[in-house]
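For what it's worth, this note's numbering labels the leading residue of the sequence shown as 62, then goes sequentially.
Glycine residues also receive a C-beta, built at the ideal position from the N, C-alpha and C atoms.
Computed from a predicted structure; not experimentally measured.
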Amino acid sequence: MNAFRHDAGGSFHPVSAPDYLPVIQLRALQLHRLKSIVKRAYDHQALFRERLDAKGMKPQDLEKLEDIHNLPFTVKADLRDTYPFGMFASPMSEIVRVHASSGTTGKPIVVAYTKDDIDVWSSVMVRSFAACGLGQGDIIQNAYGYGLFTGGLGAHYGAEALGATVIPISGGNSDRQIMIMQDFGVTAICCTPSYFLHLIERAREMGIDMRKLPIKAGVFGAEPWTEAMRERIEPEAGIKAYDIYGLSEIIGPGVAMECQEQAGPHLFEDHFYCEIIDPETCKPLPDGQEGELVITTLSKLAMPMIRYRTRDITALVPEPCECGRTIRRMRRIGRRSDDMFIIRGVNVFPSQVEAALLKVEGTLPHYQIILEREKGLDNMEVQVEVTADVFGDTIGAMETVRKKLSDEIAHILGIRVKLSLVQPHTIERSQGKAKRVIDRRKM
Ligand code: DLL
């Protein structure tokens with residue numbers, strides 16, 4: 062029998078059983094898996110072995126979960142430095158798939174999967190889909206990019222294992238996306254939230270009201286998005302928008318996913334051990350406190366990651382979720398420690414700008430932040446689209462929106478910035494991850 066088989070409908074799916082393990086059992090399972098993965102990394106990953114030796118430690122020293130705090134971290138540079146296959150812990154003959162993430166500079170980082178790893182990945186994706194109420198009978202349009210990016214194939218294998226019908230359309234060609242969504246009776250879509258915004262807009266231009274289509278859910282991730290963005294998306298498309306989180310280094314999509322309570326993504330803790338650390342001191346922080354998410358893969362064979370520093374900033378939520386899952390939630394990831402920039406001494410994250418913009422009526426959820434250096438001083442300009450009504454109206458409407466925006470941004474950031482209100486369609490639309498910040502300071 063297929064291990065991922067489940068009954069369609071209802072909120073509890075047998076495949077989701079690990080989501081509901083009694084906490085004591087979950088921690089015991091984590092410890093058991095942690096011991097074995099640390100041994101595997103020590104035996105097969107030269108870098109990890111050297112670092113553990115340098116600390117005078119052996120895998121057997123790990124007796125309880127808290128001992129993980131003594132293990133060395135892994136960072137993205139380690140994957141670059143060992144490019145392409147230096148972190149693989151399985152022989153090439155057992156590796157059935159590689160993916161790569163392009164990053165911003167130089168060589169990509171390469172990640173690998175054995176057959177078992179692919180099965181684990183599919184199972185966490187099945188649990189992700191089931192968590193937001195999808196199952197057999199659903200028609201899932203997968204508009205994450207297929208290829209080296211993990212989004213496409215990760216969601217694809219999961220949706221198939223779920224027993225849903227998958228449309229492997231990949232990203233781009235928006236008119237065809239909308240035609241298929243309408244003609245095939247699509248009930249759910251997977252893509253980045255920014256691309257979905259573009260699809261909503263394009264559907265409207267094509268005279269199609271998405272609210273009248275059978276689509277009911279969006280599985281949105283791969284980039285930060287805010288609660289304000291969810292509030293824009295849901296009523297405009299007549300769907301529920303769910304947050305899915307993941308990263309290539311750990312597995313791809315399916316590290317965490319929101320349930321129907323939409324109260325922060327649940328981490329699939331039986332496969333991913335999660336800690337929050339202070340990014341400056343690297344000391345562990347208690348649940349509820351915000352810091353950098355650090356993940357250890359508990360079952361990944363081809364490329365175990367021990368204490369991988371994600372750079373993503375969040376907090377673990379100690380309170381149990383209404384849904385009854387025992388696996389913990391984290392707060393929605395609004396920012397990465399490395400997408401922060403400093404303007405006039407103030408730390409700014411793009412998501413703060415997004416939250417401010419979307420509070421003001423008359424704005425559209427399409428924006429970009431441009432950083433420039435003039436005479437040694439850094440300047441920030443926010444370009445945001447406004448509705449055709451506002452743009453075409455008298456100067457009065459534009460000025461009202463500008464004043465509200467300026468106040469909102471000053472309220473959230475504590476500084477006033479240059480604002481450019483532009484007409485709809487001025488800002489380039491993305492098919493995958495949106496580029497929110499254009500940094501011209503280094504050009
Ligand atoms: O973006 C994997 C993925 C595909 C996740 C599809 C969800 C859906 P990478 O390209 O390696 O992998 O990028 C990982 O993207 O460290 C976060 O900074 C960001 N990210 C991913 N999901 C979310 C999310 C995929 N839901 C990096 N909210 C991560 C905020 C996210 N940021």
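For the stretch 371-425, the full-length alpha helix (DSSP H) segments reaching 4 residues or more read 411-419 along the chain.
From the listed residues Ala278, Phe257, Ile404, the smallest Cα separation to Gly246 is found for Ala278. Looking only at Arg490, Cys193, Lys119, Val478, the smallest Cα-Cα distance to Glu322 is reached by Cys193. Under the DSSP assignment, His160 falls in the beta strand (DSSP E) whose first and last residues are 156-162. When C-beta atoms of the stretch 118-127 are compared with those of the stretch 144-159, fewer than three pairs fall below 8 Å, so the two segments do not count as touching.
Of all C-beta pairs linking the stretch 301-320 to the stretch 429-446, fewer than three are shorter than 8 Å, placing the two stretches out of contact.
Its chain contains Ala161, Ser162, Ser163 as the residues whose beta carbon lies nearer than 7 Å to that of Pro169, once the 5 sequence neighbours on both sides are disregarded; these appear in chain order. Considering only Thr248, Glu353, Glu341, Gly352, the residue with the shortest C-alpha distance to Ala302 is Thr248. For Val280, the closest alpha carbon among the candidates Cys320, His259, Lys273 is that of Cys320. Taking each of Gln106, Ile473, Gln444, Leu482 in turn and checking the Cα distance to Thr461, the smallest one comes out for Leu482.
Not one heavy atom of the ligand DLL falls within 7 Å of the beta-carbon of Pro426. Residues of the same chain with a CB within less than 7 Å of the CB of Arg88, apart from the 5 flanking positions on each side, are Leu126 in chain order. As for any alpha helix (DSSP H) of minimum length 4 sitting wholly inside the stretch 200-235, the runs are 211-223, ordered along the chain. Residue state for Asp331 is assigned as coil, using DSSP reduced to three classes. A distance below 8 Å separates the beta carbons of Ala449 and Pro485.
With a cut-off of 8 Å on Cβ pairs, the stretch 405-415 is not in contact with the stretch 336-354, counting fewer than three such pairs.
Ile404 has its alpha-carbon roughly 11 Å from the corresponding atom of Glu442. As the crow flies, the alpha-carbon of Glu292 is around 43 Å from that of Lys96. In this structure Phe149 touches Ala173 by the C-beta definition: roughly 5 Å separates them, less than 8 Å. Pro314 carries a strand assignment under DSSP once its states are collapsed to helix, strand and coil. Taking the Cα of Arg497 as reference, the smallest distance to any Cα among Val447, Asn440, Ser398, Gln429 is reached at Gln429. Close CB contacts of Gly299 within its chain, under the 7 Å cut and outside five residues either way in sequence, are with Met271, Arg272 (chain order). Here Met441 carries a strand assignment [DSSP, helix/strand/coil]. Here Lys361 is buried, its C-beta having at least 16 other C-beta atoms within 10 Å. C-alpha of Met118 to C-alpha of Asp104: approximately 13 Å in a straight line. Residue environment for Pro426: buried (at least 16 other C-beta atoms within 10 angstroms of its C-beta). When secondary structure is reduced to three states using DSSP, Arg501 falls in the coil class, being assigned neither helix nor strand. Rounded to the nearest angstrom, the gap between the Cα atoms of Ser154 and Thr175 is 9 Å.
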